[in-house]
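Engineer: Numbering-wise (this note's numbering), the sequence shown opens with residue 12 and increments by one.
Every residue gets a Cβ at the ideal spot worked out from N, C-alpha and C, and that includes glycine.
Right, I'll just put the structure down here and ask away after.
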Amino acid sequence: MSTESSLTSAHTRQIGGLAVNALGNAEILQYPKYRLNLYLVTICFVASSGGLLFGHDIGVTGGVTTSNDFLALFFPDVHHHVAVEQGAADSAYCKYNNQLLQLFTSSLFIAGLLAGLVATVPTRHLGRRATMLIAGAAFLLGAGLTAGAQNLPMLVCGRVSLGVGVGFANQAVPLYLSEIAPPLMRGFLNQLFQLATTVGILAAQLINYGTLRIPDWGWRLSLAGAAAPALLLFLGSLALPDTPNSLLERGHEEEAHRVLARVRGTQDVGLEFSDIKLAGQYARQVKHPWRNIFRPQYRPELVMAIMIPFFQQVTGINSVMFYAPVLFKTLGSDDAASLLNTVIVGVVMVLATLIAVLFADRWGRHALFLSGGITMVVAEVVVAALIAVEFRGATGDAAMPKAAAVGVLFFMCLFVSGFAWSWGPLGWLVPSEIQPLETRSAGQGIAVAVNFFFTFAMGQAFLSMLCGMQWGIFLLFAVFCVIMTVFVWVFLPETKGVPIEEMRLLWRQHPEWRRILGKELGAIAAVALPTKGASGINGASGVKANAVEEPQEANGHEGYGKVWKAAV
């Protein structure tokens with residue numbers, strides 16, 4: 012055994028969830044293997060209902076925007092072109108190309124973008140639970156306004172209110188699930204949010220299909236369906252506890268310990284509680300998380316908060332899900348067939364999401380990201396080829412041969428499944444789990460804002476891009492899928508099983524980030540000083556939890572405070 016190895020094994024001290032040895036090196040320690048308990052599962056299911064809000068909106072818009080009654084009331088020009096003229100003068104790709112119609116779909120996400128940024132304030136100062144309550148109330152108001160809309164301004168106001176609800180929910184719910192979950196179950200429990208999103212999409216698609224033949228007000232029933240998940244989130248949040256991380260960040264120590272013990276199903280939570288407490292002590296002293304997150308030591312987290320949601324949207328997934336009925340009608344399906352095809356896609360998405368829910372903590376994030384990216388590339392290239400060869404869309408009444416249409420549906424389902432087990436759930440999980448507590452609300456706010464900005468951009472541009480690029484749009488999406496798969500392979504460390512308050516260690520250990528940032532990642536900080544024989548909270552021996560170095564926001568270190576190096 013080398014001298015360095017001997018020192019490492021013989022002189023290791025415990026600091027929270029870190030092991031710091033005599034050479035000043037830090038290693039990630041694991042908390043006890045907590046068992047899943049009914050209380051934890053219940054509150055995670057209730058919190059994840061926030062995903063139903065997001066999913067309902069994604070799934071409902073495509074069916075509503077193909078309703079002749081809806082188009083006649085709010086978009087008469089589009090209705091006349093599609094239903095009366097049959098789009099005969101134009102390419103079939105351009106039948107639904109209307110900026111106002113696209114604005115109906117995408118306006119929600121501009122409101123969600125702004126709401127996601129604003130929501131960082133209540134998320135940090137009022138807690139995750141209070142933010143979810145606001146989300147449920149705003150979404151409920153939006154459901155009433157859109158379902159009862161008598162004119163376009165009222166419809167847009169409803170969409171804005173829905174956007175506020177989705178923005179607040181997408182800010183708070185992924186954070187809530189990542190913080191409340193034990194490290195070894197975080198992938199499973201956090202991805203209940205994406206599973207709920209896909210269930211919301213499918214439910215909205217089924218409602219659209221069921222209301223297809225209800226004249227005049229069938230579309231109102233589809234939009235009114237948003238009230239159900241809004242009520243579930245609002246009423247459920249009243250009974251939820253806040254996360255221990257949020258409670259400690261706001262100084263509620265006793266309540267935080269009580270909640271942590273209950274969700275872990277044991278009183279033996281000393282090590283984890285010490286970690287969270289020390290992170291909370293530092294986070295309370297960081298008064299400007301928005302300023303801090305742009306400092307070099309937080310650069311990896313900032314890059315991921317921007318690039319992962321960006322890549323998630325340029326796969327084209329939400330454009331496809333928004334406009335799936337429009338896309339299938341463009342390719343020659345009638346109303347019923349286009350909605351039925353959309354339901355099939357929705358079922359596949361739910362089933363594929365279960366893969367990520369069940370295996371993200373077993374296979375790891377990398378395996379799912381890479382396999383999903385490759386699957387999407389193959390599927391989108393084949394869809395582009397089939398449409399290019401088999402679809403003659405020069406006139407408005409063009410239709411694709413049945414065999415080719417079945418092929419497009421199959422590979423569209425393959426594309427959706429590749430997304431659903433990878434970039435769908437992981438696109439929300441990873442940004443919410445990698446941020447340190449002191450910048451977590453700001454980091455998640457950036458991730459939500461970027462996600463919603465590009466969702467807006469893709470939703471606003473998709474029908475115009477389909478008109479201009481035709482089948483080539485799927486090749487563009489495939490190129491982005493190649494780029495983002497390489498990006499994950501090179502720059503994203505594996506986060507499976509890592510305690511949420513120890514994520515910062517991953518960047519120090521990652522070769523590319525060490526090369527890029529150098530000394531900025533060279534210091535590992537701790538917020539507890541080890542004292543020989545000291546006893547921490549509930550048995551966290553070796554940790555003196557109340558011995559805290561005063562953190563300096565501008566000290567150039569990536570961690571909580573001053574680096575401690577044990578004496579040999």
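1) In whole angstroms, what separates the C-alpha of E391 from that of I328?
2) Please work out which residues of its chain come closer than 6 Å, Cβ to Cβ, to Q113, disregarding the five sequence neighbours upstream and downstream, and give them in chain order.
3) Which complete alpha helix (DSSP H) runs does the stretch 280-355 hold, if anything under 4 residues is left out?
4) Is A241 close to the ligand MG? I mean its beta-carbon at under 7 Å from any heavy atom of the ligand.
5) Return helix, strand or coil for K507, following the three-state DSSP convention.
6) Can you name, in chain order, every residue of its own chain whose Cβ lies under 7 Å from the Cβ of L195, other than the five neighbours on each side?
7) Take the Cβ of A537 as the centre, count every other Cβ of all protein chains shown within 10 Å, and call the residue buried at 16 or more, exposed below.
8) Just tell me which of H263, G221, E264, G62 has its CA closest to the CA of L173.
9) Tell me which same chain residues have a C-beta within less than 6 Å of the C-beta of I54, skipping the five on either side of it?
10) For A235, name the three-state secondary structure that DSSP assigns.
11) So the alpha helix (DSSP H) H377 belongs to, where does it begin and stop?
12) Identify whether Q216 lies in helix, strand or coil by the three-state DSSP scheme.
13) Report the three-state DSSP secondary structure of F86 (helix, strand or coil).
14) With respect to the alpha helix (DSSP H) encompassing Y187, which residues constitute its N-terminal and C-terminal limits?
15) Q455: buried (16+ other C-beta within 10 angstroms of its C-beta) or exposed?
16) Using C-beta distances below 7 Å, list every residue in its chain close to W301, excluding the 5 sequence neighbours before and after it, in chain order.
17) My output table needs one value for M514: the three-state DSSP class, helix, strand or coil.
18) Contact between the stretch 482-491 and the stretch 409-423: three or more CB pairs below 8 Å?
19) Pick out whichever of H263, W374, F339, L188 has its Cα sitting closest to the Cα of F56.
20) Hey, how far is the Cα of M332 from the Cα of A141?
21) If I follow the unbroken alpha helix (DSSP H) through D68, where does it start and stop?
22) Report all residues from its chain with a CB closer than 6 Å to the CB of G429; omit the five preceding and five following residues, and keep chain order.
23) What residue range does the alpha helix (DSSP H) around M143 cover?
24) Need the endpoints of the alpha helix (DSSP H) that Q471 sits in, please.
25) Alpha carbon to alpha carbon, what distance is there between L437 and Q182?
26) Would you report the Cα separation of W524 and L477, rounded to the nearest angstrom?
27) T222 lies in the alpha helix (DSSP H); which residues open and close that run?
28) Closest to V210 by C-alpha separation, out of D253, L223, T222, A237, would be which residue?
29) Just the C-alpha distance for N580 and W230, rounded to the nearest angstrom, thanks.
30) Compare the beta carbon distance of A363 and A431 with 8 Å and say whether it is the shorter of the two.
31) So what does DSSP say about R46, is it helix, strand or coil?
32) Quick one: is V184 buried, meaning 16 or more other Cβ sit within 10 Å of its Cβ, or exposed?
33) So the alpha helix (DSSP H) G435 belongs to, where does it begin and stop?
34) Counting pairs of beta carbons, one from the stretch 239-256 and one from the stretch 145-163, are three or more of them closer than 8 Å?
35) For H268, report the span of its alpha helix (DSSP H) as first-last.
Structural biologist: Taking the definition as stated:
1) Residue 391 sits at position 380 when you count from the first residue of the sequence shown. Residue 328 sits at position 317 when you count from the first residue of the sequence shown. Distance between the alpha carbons of E391 and I328 is about 11 Å.
2) On the sequence shown, residue 113 is found 102 positions in, with the first residue counted as 1. So the qualifying residues of the chain are Q471, L474.
3) The qualifying runs are 281-296, 300-303, 310-325, 328-341.
4) By its list of ligands, the structure shown contains no ligand whatsoever, and the ligand MG lies outside what it can speak to.
5) One-based indexing of the sequence shown puts residue 507 at position 496. In this structure, K507 counts as coil in the three-state DSSP scheme.
6) Walking along the sequence shown from the start, residue 195 turns up at place 184. For L195, where only same-chain residues beyond five positions count, the Cβ hits under 7 Å are K44, D372, G508.
7) Taking the first residue of the sequence shown as 1, we reach residue 537 at position 526. Note on A537: pLDDT 38, under 50, position unreliable in the model; the coordinate value appears next. Counting Cβ neighbours within 10 Å, A537 comes out buried, since at least 16 surround it.
8) Your numbering for residue 173 matches position 162 in the sequence shown. Nearest C-alpha to L173 among H263, G221, E264, G62: G62.
9) One-based indexing of the sequence shown puts residue 54 at position 43. L251.
10) Within the sequence shown, the letter at position 224 stands for residue 235. Of the three classes helix, strand and coil, the one that applies to A235 here is helix, per DSSP.
11) Here the question's residue 377 lines up with position 366 in the sequence shown. Its alpha helix (DSSP H) spans residues 376-401.
12) On the sequence shown, residue 216 is found 205 positions in, with the first residue counted as 1. Correct three-state label for Q216: helix.
13) Here residue 86 is taken as the residue at index 75 of the sequence shown, counted from 1. Coil at F86, not helix or strand.
14) Stepping through the sequence shown from its first residue, residue 187 is reached at position 176. Segment 163-191, the alpha helix (DSSP H) holding Y187.
15) As a first step, residue 455 is located in the sequence shown; it is residue number 444 there, counting from the start. With a 10 Å radius around the Cβ and a threshold of 16 neighbouring Cβ atoms, Q455 comes out buried.
16) Counted from its first residue, the sequence shown places residue 301 at position 290. Here the set comprises A453.
17) Residue mapping note: residue 514 aligns to position 503 of the sequence shown, counting from 1. Annotated three-state conformation of M514 is coil, per DSSP.
18) Taking a cut-off of 8 Å on C-beta distances, the stretch 482-491 does not touch the stretch 409-423, as fewer than three cross pairs fall below it.
19) Translated into positions along the sequence shown, residue 56 becomes position 45. Comparing C-alpha distances from F56 to each of H263, W374, F339, L188 shows the shortest one belongs to L188.
20) Within the sequence shown, residue 332 is the residue found at index 321, counting from 1. Within the sequence shown, residue 141 is the residue found at index 130, counting from 1. Cα to Cα, M332 sits roughly 30 Å from A141.
21) Along the sequence shown, one-based indexing puts residue 68 at 57. Taken as a continuous stretch (DSSP letters only), the alpha helix (DSSP H) holding D68 covers 61-75.
22) Counting from 1 along the sequence shown, the entry for residue 429 is found at position 418. If we look at G429 and ignore the five residues flanking it on each side, its Cβ neighbours are G383, T386, M387.
23) What you label residue 143 is simply residue 132 of the sequence shown in a count that begins at 1. That run of the alpha helix (DSSP H) goes 139-158.
24) Position 460 of the sequence shown, counted from the first residue, corresponds to residue 471. From DSSP, the alpha helix (DSSP H) with Q471 extends over 451-480.
25) Within the sequence shown, residue 182 is the residue found at index 171, counting from 1. Within the sequence shown, residue 437 is the residue found at index 426, counting from 1. Q182 and L437 have their C-alpha atoms some 15 Å from each other.
26) For the purposes of this step, residue 524 is taken as residue 513 along the sequence shown, with counting starting at 1. For the purposes of this step, residue 477 is taken as residue 466 along the sequence shown, with counting starting at 1. Their backbone Cα atoms lie some 38 Å apart in a straight line.
27) On the sequence shown, residue 222 is found 211 positions in, with the first residue counted as 1. Looking at the DSSP string, T222 is not in any alpha helix (DSSP H), and its letter there is neither H nor E.
28) Residue mapping note: residue 210 aligns to position 199 of the sequence shown, counting from 1. Residue A237 is the option with its Cα nearest to V210.
29) Given a span of 12 to 579 for the chain in the structure shown, any question on residue 580 remains unanswerable.
30) Indexing the sequence shown from 1 puts residue 363 at position 352. Indexing the sequence shown from 1 puts residue 431 at position 420. With respect to the 8 Å criterion, A363 and A431 are classified as neighbours on the basis of their beta carbons.
31) Counting from 1 along the sequence shown, the entry for residue 46 is found at position 35. R46 falls in the coil class under three-state DSSP.
32) Mapped onto the sequence shown, residue 184 falls at position 173. Note on V184: 16 or more other CB atoms within 10 angstroms of its CB, so buried under the neighbour-count rule.
33) For the purposes of this step, residue 435 is taken as the residue at position 424 of the sequence shown. In the DSSP assignment, G435 falls within the unbroken alpha helix (DSSP H) covering 434-445.
34) Segments in contact, yes.
35) Your numbering for residue 268 matches position 257 in the sequence shown. Taken as a continuous stretch (DSSP letters only), the alpha helix (DSSP H) holding H268 covers 264-275.
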